[in-house]
Every structure is written in structure tokens, then in C-alpha cells.
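Step one of this worksheet: look at the structure below.
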Amino acid sequence: MHLLPSFVSLASVASLAVAYPSSLYPRSLASFQPEESIASQWKIHESCNGTQRAQISRGIEDMHKLATNSLNHILNYPKDEYFAKYFGANADPAPVIGYYAQLVYGNKGDSLLRCDDPDDNCRLPEWNGHWRGNNATSETVICELSYTSRLPLEKLCSGGFQLSVNNPSTYFGADLMHRAFHVPEFSHEKIHHYADSYVDVLELAKSEDGNGTRAVENQHSLQYFSLDVYSRKLTSWGCVGEVKEEDHDDHSGHDHSATSSAAAATTQTQAAQASASTPSAAAADCHTHADGSIHCGTH
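Right, dumping it as C-alpha cells:
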């Protein structure tokens, strides 16, 4: 009886497989989640009714549009004038790409948007929402004011809006981007408030010899960049408007690290005052930080 060569080879391989020590087989990949099972959605709490859920979902969609457009822009033009403008001429694009990618594709874990206001902060005038901080680090509350004051992304640059002057969180998608960067599941506690105003964001990008060490981790730098490059899809010149320099006592010696420390101390003082005062003391667009301090407004 003559066996075909192919059958002999197959039999040899099979016998080797049986004899091969199981401990030397590659480890099972069963513990790794396939890409399609990653919890990439920012979940909405059951406390949100149908109308609230629809508007929040639209805001998340707008946030994804901003982040995806920013990703595509940097991947195609990693060192262009807009990247240099907001992050520094010598900054590394990789961290910025990663932060935007996390907004869209990353595992969101237990992060949650809710509407029931368990901390009773939405009673404060002009509060659009807040991160719950130490009360629940993965949770963000959206207040009723957001549904009447936030605009969809297609209205960007309309009504005389100027990015250098007006609040970027006017647009629901940009507002949620800002709020997302407070949540550890989104930012891994790597994104901070180093500079808030438009002018300070531009100055931060120029500091540290344009290396962008802090600019690439600055909340408002990420927010302003995303709105600026997206606005140029709607109109070729965008809607930054006239950039007016802010007055500093000693502009030439202005140190952002000192400013950031002072701002943090001031914010904590304001937080203590706000908690002890009447609701009318609260400022617009406020949200709490992990240390219990309150950050109010874009500027």
C-alpha cells in the first residue's frame, strides 16, 4: 500500500501536534476583548427622559464630529499652522491624536451622563452642568439650561460668533468635549486647565520653545483647535475674529506656570465662597473638579 506524500506529511504534522507539550502553545486570546465589544459609548443614565436623551445623543454625535475631524486634520497635516498655533511649532502630535481618538474610539468604562442632579447643583443660576468630582468621578450631570442654551454644530460661526471672544461651549458638542476631559475614563487624568482664555491658549503654545508640553494637555487648547479646524470646513476663513491681547502687569515676564498656580488657588477660594454664599454668586458654565474646586466659564 502506498500513501500519498501529502497524506504522509499531514499525518506527521498531526502526530507532532499531539506530542507537543501543551505548556508551549501560545496563550489563549480569550481574555482580550475584540474591537467590536469595547464599551466606546458614553452612556446616558435612565434619569434622562426621551427629549433629554435625544439632545444629549446629538451633542455626543457633534463631539465625535469635532474629534474625528481633528484627528483627520492632524494625520494629514501634523505640523501645519493650526496645529502650531494651538499646541506649539515643535509639539508632538501623538498625544493630541490619542486624546481625540479616546473621545471617539476609546473604552469609556463606567462613564455616565445623567439628568437627575443628585448633588443639587443645577439649582444654581447659569449652570449648564457639572462633573461630579469626588462624589462620582465617572459621572457628569447635564442641567436643564443646556437644552435651551447650547447650539448644534451646524450653527458654528452663525449669529456673529467669534471663537476668540465667545464661549466655545456655546456648541453642545464642544461643551461635552470639555466635560469629557474631566472624566478619568476619557483623559486618564492627563488633561488639565493650564490656560483658559483664547489669548492665553495661544501664549501657552508659544511657551517652552514651542514644545507644547502643557499645551497638548490643556483642555481649552484641544477644544479651541477642534472648533477652529471644523469651522474652516463651513467657511474657508473660519470665525476666529479679531484676537485682542490681554493686559498683564508685566507681559514680557508672564509665566504660565505661575499663572496656573495662582488661578488654581483663586478657583479654590471661589469654590469655598460659592458653597457658603447664595446661589446668585455662581458664574456661568460651572463645573466641579476632583479636588472640589469649581471652574466657572471659559475665560
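Just so we're aligned: the sequence shown equals residues -19 to -1, 1 to 280 in mature numbering (1 follows the signal peptide of the UniProt record, and there is no 0).
Each residue gets a CB set at the ideal place from its N, CA and C atoms; glycine is no exception.
Item to complete: Pick out the complete alpha helix (DSSP H) segments inside the segment 46 to 85, 4 residues or longer, and give them in chain order.
Response: Runs found: 62 to 68.
Worksheet item: Looking only at its own chain, which residues have a Cβ that is under 6 Å from the Cβ of N71, when we skip the five neighbours before and after it?
Response: G191 and N192
Practice prompt. Pull up the distance between the alpha-carbon of S168 and that of F162, whole angstroms please.
Written response: In a straight line, the C-alpha of S168 is about 5 Å away from that of F162.
Fill in: Segment limits, alpha helix (DSSP H) that includes L93
Counting along the chain, L93 falls outside any alpha helix (DSSP H), though it belongs to the beta strand (DSSP E) covering L93 to R95.
Discussion item. Rounded to the nearest angstrom, what separates V85 and E120 at their Cα positions?
Written reply: Their Cα atoms are separated by approximately 18 Å.
Item to complete: Give a yes or no on contact between the segment 200 to 207 and the segment 137 to 151, applying the rule of three or more CB pairs nearer than 8 Å.
Response: yes
Item to complete: Report the option in D209, K89, E198 and N116 whose CA atom is closest to the CA atom of I78.
Response: E198
Item to complete: Can you give me the Cβ contacts of L144 inside the same chain, cut-off strictly under 8 Å, excluding the 5 residues immediately before and after it?
Response: Y179, Y205, L208, D209, S212, G219, C220, V221 and G222
Fill in: Proximity winner among S28, S51, M44 and I19, relative to K214 (alpha-carbon distances)
S51
Worksheet entry | alpha helix (DSSP H) segment containing E184, residue limits | Y179 to K187
Item to complete: Within its chain, find whatever has a CB closer than 6 Å to the CB of D98; leave out the 5 residues flanking it on each side and keep chain order.
Response: V122
Practice prompt. Can you grab the Cα-Cα spacing for the pair L183 / W23, in whole Å?
Written response: 30 Å
Worksheet item: Cβ of I172 within 8 Å of Cβ of Y80?
Response: The Cβ atoms of I172 and Y80 lie closer than 8 Å to each other.
Fill in: Segment limits, beta strand (DSSP E) that includes E120
E120 to I123 is the span of the beta strand (DSSP E), which, as asked, contains E120.
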